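Worksheet: one structure, shown below.
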């Protein structure tokens, strides 16, 4: 014979709201809402015992709330992300010297050598030089010029690597535009 039992399931919805004010301009600088859930279940011979059987519910709610707060805090922190880019190092002596300059941090010196090769009569060499010019422009923070160089490398010289790189640059540019819109909305 089975003992009658009461089963209790608790669904806790956690809503957090954050609002940061700019005291100087008297405006809301940032506002963020987030939600979280905690599920807990227990059984007992009566409803009170079923409720008591739910262990650590308070701790689970506190942990989930803390995680929501941490997520907001991480949203505010600026982050640095290191991005690796491959560039062409073979083709002419200028590419070999440019490689050594780039390895020592002299990117402008490397760019000067790559620029000499953009009108090379060999399409493969010229395409590689255009690709590398896209890299140096990205390094210098000029995404528009980087996109132009990568596009030239792909369209004019059929450098297949340039298409993938071009798509990455366009995505990065769209992210920059979105960031500027978010910053100007404040």
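Numbering (this note's numbering), first residue to last: 2 to 187. Cβ coordinates follow ideal geometry from the N, Cα and C atoms, glycine included. The structure displayed is predicted, hence computed values, not measured ones.
Reduced DSSP category for residue i - H, G, I as helix; E, B as strand; rest coil
{"i": "residue 6", "result": "coil"}
{"i": "residue 33", "result": "strand"}
{"i": "residue 82", "result": "coil"}
{"i": "residue 38", "result": "strand"}
{"i": "residue 91", "result": "coil"}
{"i": "residue 117", "result": "helix"}
{"i": "residue 157", "result": "helix"}
{"i": "residue 97", "result": "helix"}
{"i": "residue 140", "result": "helix"}
{"i": "residue 133", "result": "helix"}
{"i": "residue 54", "result": "coil"}
{"i": "residue 178", "result": "helix"}
{"i": "residue 110", "result": "helix"}
Contact set for residue i: own chain, Cβ-Cβ below 8 Å, skip 5 residues either direction
{"i": "residue 27", "result": "none"}
{"i": "residue 103", "result": "88 and 111"}
{"i": "residue 51", "result": "6, 7, 8, 9, 43, 44 and 45"}
Beta-ladder partner(s) of residue i, from DSSP
{"i": "residue 149", "result": "DSSP lists no partner for residue 149."}
{"i": "residue 169", "result": "DSSP output for residue 169 lists no bridge partner at all."}
{"i": "residue 11", "result": "41"}
{"i": "residue 74", "result": "Answer by DSSP bridge pairing: none, since residue 74 is not bridged."}
{"i": "residue 16", "result": "36"}
{"i": "residue 1", "result": "Only positions 2 to 187 of the chain appear in this structure, which leaves residue 1 out of reach."}
Nonlocal neighbours in the same chain, by C-beta distance under 7 Å from residue i, ignoring five residues either side
{"i": "residue 155", "result": "163, 164 and 167"}
{"i": "residue 136", "result": "86 and 88"}
{"i": "residue 99", "result": "111, 114 and 115"}
{"i": "residue 65", "result": "15, 37 and 39"}
Under 8 Å between C-beta atoms of residue i and residue j
{"i": "residue 126", "j": "residue 92", "result": "yes"}
{"i": "residue 170", "j": "residue 147", "result": "yes"}
{"i": "residue 68", "j": "residue 55", "result": "no"}
{"i": "residue 159", "j": "residue 131", "result": "no"}
{"i": "residue 150", "j": "residue 134", "result": "yes"}
{"i": "residue 95", "j": "residue 117", "result": "yes"}
{"i": "residue 174", "j": "residue 144", "result": "yes"}
Same chain only: Cβ atoms within 6 Å of residue i, ignoring 5 sequence neighbours per side
{"i": "residue 48", "result": "7"}
*Taking one C-beta from the segment 37–47 and one from the segment 13–29 each time, how about it: are there three or more such pairs within less than 8 Å?*
yes
*Are three or more beta carbon pairs between the segment 76–86 and the segment 52–60 nearer than 8 Å?*
no
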